[in-house]
Amino acid sequence: MRRKLVVGNWKMFGSLEGNRTLLEGLTAGIGDVAAEVAVCVPFPYLAQARQILNGSGIHLGAQNVSEHFPGAYTGEVAACMLREFGCKYVIIGHSERRHGLHETSKTVAAKCAAVEASDMVPIVCVGETLAEREKGATADVVMGQLDAILSRPDIDLAEAVVAYEPVWAIGTGQTASPEQAQEMHALIRGRLAEKLRNNVSILYGGSVKASNAQALFAMPDIDGGLIGGASLKASDFLAICRAF
Ligand code: 13P
94 MRRKLVVGNW KMFGSLEGNR TLLEGLTAGI GDVAAEVAVC VPFPYLAQAR QILNGSGIHL
154 GAQNVSEHFP GAYTGEVAAC MLREFGCKYV IIGHSERRHG LHETSKTVAA KCAAVEASDM
214 VPIVCVGETL AEREKGATAD VVMGQLDAIL SRPDIDLAEA VVAYEPVWAI GTGQTASPEQ
274 AQEMHALIRG RLAEKLRNNV SILYGGSVKA SNAQALFAMP DIDGGLIGGA SLKASDFLAI
334 CRAF
């Protein structure tokens, strides 16, 4: 179902002590937040986060997953393992993996299928680089990333989330304007509707902070945010969660 959702992506940050302060700050302040909230933590901290978040209403997620079922894949983590540790969400296809780690759209689609097969919700990231935007290829790039998922008949996206994250806006302080983001969200929504995927929530990600969240979340096709840097401090993240 399409819903209001704010997800923190901690990326490769955290420590046992720092996580406790952050998560306890979130659980203490979440009471007056109307949107659904989740945090996607590094794998080793899933157990700690699960324990601290228990009963808080804040959901847990991971930032990556193997496309494979359990087997001889040294260093990989299977979807069923994430499920066992209480994950509801799994981020897949983040640009830091597509570009920094050469993850292809085909691999991202396989990961999406693996997440659904373990009854979790994929957060599928799509977005263009600055060079792609400047040469007018934004729509083609984003639709191509989306179509890799939509072309697989075994992926139903019934509960899925898509996150539009323009690469040039991630960690740069340069947010897409609400109008730029809305234009892409409407395009994504249109493609999903053509394929009868009308329940997908579409998040915006890229330098979201308390000062710009309200204007972004007010746009008709922006259902929430995928938050990087500003999710690492409880007061900053809660202020974004309250922007609805
Ligand atoms: P920032 O909010 O730090 O720009 O990161 C966005 C992001 O990559 C979330 O997945």
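Per this note's numbering, the sequence shown runs over residues 94 to 337.
Ideal Cβ placement from N, Cα and C applies to all residues, glycine included.
Keep in mind the model is a prediction, meaning the values are calculated, not measured.
Positions of the alpha helix (DSSP H) runs, each at least 4 residues long and wholly inside the stretch 297-326, are given as 303-310 in order along the chain. Taking one beta carbon from each stretch, the stretch 328-335 and the stretch 263-272 have fewer than 3 pairs nearer than 8 Å; the two do not touch.
Taking C-beta separations shorter than 6 Å and ignoring five residues to either side along the sequence, the partners of S324 in its chain run G101, F330, following chain order.
The beta strand (DSSP E) runs of length 3 or more contained entirely in the stretch 179-239 are, from start to end of the chain, 180-185, 214-219. Counting along the chain, the unbroken alpha helix (DSSP H) around A142 starts and ends at 139-146. A256 sits in a strand when the DSSP states are folded into three classes.
A311 has its CB no nearer than 7 Å to any heavy atom of the ligand 13P. Taking 3 residues as the minimum length, the beta strand (DSSP E) runs contained wholly in the stretch 246-295 are 254-257, in order along the chain. For N112, the enclosing alpha helix (DSSP H) covers residues 109-122. Judged by the Cβ position, S304 fails to qualify as a neighbour of the ligand 13P at the 7 Å threshold, every heavy atom of the ligand being at least this far. According to the DSSP assignment, E129 belongs to the beta strand (DSSP E) that extends over 129-133. Closest in alpha carbon position to A241, among G264, S328, A206, is A206. One residue after another in chain order, those with a Cβ under 6 Å from a heavy atom of the ligand 13P are N102, H187, E258, I263, G264, G298, G299, S300, V301, L319, I320, G321, G322, A323. Straight through space, the alpha carbons of Q238 and F136 are spaced by roughly 25 Å.
One thing to note: V293 has its Cβ no nearer than 8 Å to the Cβ of I320. The continuous stretches of alpha helix (DSSP H) do not include A336, and DSSP gives it neither H nor E.
Here the C-alpha atom of G264 lies approximately 17 Å from the C-alpha atom of I184. Here DSSP, grouped into helix, strand and coil, assigns A155 to strand.
Burial check for E160: the Cβ neighbour count within 10 Å reaches 16 or more, so the residue is buried. Less than 8 Å divides the Cβ of V130 from the Cβ of I151.
Secondary structure note for G168: it is in no beta strand (DSSP E), with a DSSP letter that is neither H nor E. Judged by DSSP secondary structure, G101 falls within the beta strand (DSSP E) whose first and last residues are 98-102.
The C-alpha of V235 lies about 23 Å from the C-alpha of C133. Taking a C-beta distance under 8 Å as the contact criterion, A253 and V219 do not qualify as a contact pair. Around the Cβ of N147, a 10 Å sphere holds fewer than 16 other Cβ atoms; the residue is exposed.
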